[in-house]
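Engineer: Numbering (the numbering used here), first residue to last: 579 to 634.
All C-beta atoms, glycine included, are put in the ideal place defined by N, C-alpha and C.
Here it is, the structure in full.
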Amino acid sequence: DEGFAVQYNRFVDELVYGDPITFAVARRDFIMFAERFLPGMTDINRGDQDVSELHD
């Protein structure tokens with residue numbers, strides 16, 4: 579398993595440098611990863627877009 583810092587850094591890198599689809603995947607992966615550490619704390623993120631909705 580990757581550490582929290584590694585996952586967070588990947589998320590931020592995709593936010594700053596990535597395209598919208600790659601960012602959406604990184605965001606989803608980070609939320610899923612964070613939920614293992616903070617169960618119930620990420621419920622506000624349940625309005626996630628499906629990644630398939632982001633393509634042109």
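Indicate the three-state DSSP secondary structure (helix, strand or coil) for Asp-591 in the structure shown.
Structural biologist: The answer is helix: DSSP assigns Asp-591 an H, G or I state.
Engineer: Could you tell me the distance, in whole angstroms, from the CA atom of Phe-582 to the CA atom of Asp-591?
Structural biologist: Taking the straight line from one Cα to the other gives about 14 Å.
Engineer: Rounding to the nearest angstrom, what Cα-Cα distance links Ala-614 and Phe-601 in this structure?
Structural biologist: For clarity, residue 614 is Arg in the given sequence; the question names Ala instead. If you take the alpha carbons of Arg-614 and Phe-601, they lie about 20 Å apart.
Engineer: Using DSSP with H/G/I as helix, E/B as strand and the rest coil, what is Asp-597?
Structural biologist: Reduced to three states, the DSSP call for Asp-597 is coil.
Engineer: Can the beta-carbon of Arg-588 be found less than 7 Å from the beta-carbon of Ala-604?
Structural biologist: Yes; because the gap between Cβ atoms is below 7 Å, this pair is in contact.
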